[in-house]
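Be aware that the sequence shown starts at 76, since it is given in my numbering, and climbs by one per residue. Have a look at the structure below before the remarks.
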Amino acid sequence: MTSKDIRNHRMSDEVYQENFSDIKPPLSCYQANMEASRCLYCHDAPCISACPTGINIPSFIHRIADHNEDGAARVILEENILGGSCARVCPTEVLCEQACVRNHSPECKPVMIGRLQRYAIDHRQKAAHPFTRAQKTGRNVAVVGAGPAGLACAHKLARLGHDITVFDAHSKPGGLNEYGIAAYKLVEDYAQEEIRFIFEIGGINLETGSRIDLEKQLPDLTIQFDAVFLAIGLGSAKAIGLPCEQSRGIQEALGTIETIRQTKNLAELPVAAKVVVIGGGNTAIDVASQMRRLGADEVTIAYRRGLQQMSATHHEQSFAKESGVRIIPWLKPKGFETKAGQLHGVRFVKTTQDSAGQLLETGELRVIPADRVYKAIGQTLTAECFSSGKLARSQNGKIRVDDQFRTSIGNVWAGGDCVDNGEDLTVHAVQHGKLAAEAINRFLQPLEV
């Protein structure tokens, strides 16, 4: 982009700090205890079933009410070792809190489960790890990917006494928690702080900057290690498939989110005046909201279906609008307006859907001016993962696994975004890693002396 197209003015440090401060500020001790007292401690509580990791929510809230924060934290961490980050980034409004019985009349307001979970984790005693490692088994497991699924699997297996080597292509572990979450959701260095806590269990060796080529290296890993867990995420961004898609000013949303998260001085980031984001998920919301908070004049999210079909929750959509983002549904991209390779706008066709839900183009065109476009239409696995023919592929192009997260290779399991099992949420990835670790442990037990 030319200097004319970029807003490179600097806002005050106070504005940047306010715009990127924690959007879910912690509860005070008084607030936490008042909120914990609202819980009815239901028998067969529906919030437990709604939590993908099965945390005993009434149990930990009851401990908060009794001023037993350590006990509350242990209840959470027993089921979700990344309970701190999940408390911050989980869409609790459509999970546990949606199931809360307090949603009904006369209150119609759920217990703030997510914020209570954060309170418990943040107030536990940091002096000692809440879990101890079992006697060493002499078995070793490779975990490929240090995102939430890989970290959850590594911790569970290390706790059971196995030796774990975690490989990750990045310079820092954390996966999307470190590189793909909006900066105001996981502030400061929380992702790394949580990982340091996880590694305190012992028995986990981390090798960063180690990109594993599954086609060439997976066969060797299956020989060198007793078991392998693949938590490789989705490494390739989907293409829209339009001419001029490689023009200057058209970028991938996740790469931009990573840049924002890894930039210490936000004033260094150039920001376009007019931004268009194509997509309807949380990534679209995150990049759009952050662009607006960085100083973009106009930010528009364009989505090809209706607001109800967006994978971003109503809460996320409302947050974007509060940030000054305009969301326009029923728009499908048809082309980019460029001059000398420089982006000037995006051409859309208005859409509708028939009674069967099939998307239809109306033929009515619309151009939205843009200096910068961010594509947030999803990620996919690279075809190279399956080129050897040994890893079976699901119908949706992900790694095929059984109900124990075992792949088509006998001693290889997989979980997280790279498998077709549940939504692509941090909390689901944690559950995948935990359940896969339990399955791997059962697999290794007959081998133990």
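No residue lacks a Cβ here, since even glycine has one placed at the ideal position from N, Cα and C. Computed from a prediction, not measured in an experiment: that's the story for all the values here.
Taking just the CA atoms, how far does residue j sit from residue i?
i	j	result
Leu289	Lys313	20 Å
Ile515	Lys465	19 Å
Arg379	Leu406	4 Å
Ile426	Lys409	Looking at the sequence provided, one finds Thr at residue 426 rather than Ile. Rounded to the nearest angstrom, the two C-alpha atoms are 11 Å apart.
Ala195	Glu154	14 Å
Glu536	Lys339	Not covered by the structure: residue 536. The range shown for the chain is 76 to 524.
Ile452	Asp499	13 Å
Val442	Pro121	47 Å
Leu382	Thr388	9 Å
Gln392	Ile360	7 Å
Leu309	Val303	18 Å
Ala347	Asp446	6 Å
Leu293	Ile287	8 Å
Val476	Ser483	7 Å
Arg468	Glu459	12 Å
Ala363	Arg234	40 Å
Glu523	Asn215	Note that Glu523 scores a pLDDT of 48, beneath 50, so its modelled location is shaky and nothing firm can be said.
Ala227	Ile156	6 Å
Arg37	Gly158	Lying outside 76 to 524, the shown extent of the chain, residue 37 is not represented and no answer is given.
Ala371	Thr358	17 Å
Asp119	Leu281	40 Å
So, for residue i: in the same chain, excluding its five sequence neighbours on each side, which residues have a beta-carbon less than 7 Å away from its beta-carbon?
i	result
Lys473	Leu456, Cys493, Val494, Asp495
Asn131	Ile123, Val150
Ser112	Ala140
Gly416	Ser322, Arg323
In the DSSP assignment, the beta strand (DSSP E) including residue i goes from what residue to what residue?
i	result
Phe411	406-414
Ile279	279-283
His390	Careful: His390 lies outside any beta strand (DSSP E), inside the alpha helix (DSSP H) at 389-397.
Glu275	Run containing Glu275: none; DSSP gives neither H nor E here.
Lys450	447-450
Asp197	First-last for Asp197: 188-197, but that is the alpha helix (DSSP H), not the beta strand (DSSP E).
Glu373	373-377
For residue i, report the span of its alpha helix (DSSP H) as first-last.
i	result
Lys231	223-234
Gly438	Note, Gly438: premise wrong, no alpha helix (DSSP H); beta strand (DSSP E) at 434-444.
Gly146	144-154
Asp295	289-299
Thr358	357-369
Arg517	501-519
For residue i, which residues from the same chain have a beta carbon less than 6 Å from its beta carbon, with the 5 sequence-adjacent residues on both sides left out?
i	result
Gln200	Asp145
Tyr91	Leu341
Ala224	Ala306, Gly490, Gly491, Ala504, His507, Gly508
Gly399	Arg367
Pro185	Glu172, Cys175, Arg177, Asn178
If I measure Cβ to Cβ from residue i and keep anything under 8 Å in the same chain, skipping five residues before and after, which residues do I get?
i	result
Arg517	none
Val262	Phe95, Ser96, Asp97
Val164	Asn252, Ile256, Lys260, Leu261, Thr501
Does residue i have its Cβ less than 7 Å from a Cβ in chain B?
i	result
Ala312	No chain B is present in this structure, which holds just one protein chain.
So, are the CB atoms of residue i and residue j less than 7 Å apart?
i	j	result
Glu569	His204	Residue 569 lies beyond the residue range present for the chain, which begins at 76 and ends at 524; the question has no answer from this structure.
Tyr116	Pro133	yes
Lys59	Glu327	In the structure displayed, the chain extends from 76 to 524; residue 59 sits before or after that span and is not available.
Ala229	Val218	yes
Val421	Phe411	yes
Asp243	Thr283	yes
Ile325	Val487	no
Kindly examine the ligand NAD and report whether one of its heavy atoms sits closer than 6 Å to the Cβ of residue i.
i	result
Pro404	In terms of ligand content, the structure shown is empty, and the ligand NAD therefore cannot be addressed.
Segment contact, 8 Å Cβ cut-off, at least three pairs: the stretch 207-214 with the stretch 169-183: Proximity of the stretch 207-214 to the stretch 169-183 falls short of the contact definition, fewer than three beta-carbon pairs being nearer than 8 Å.
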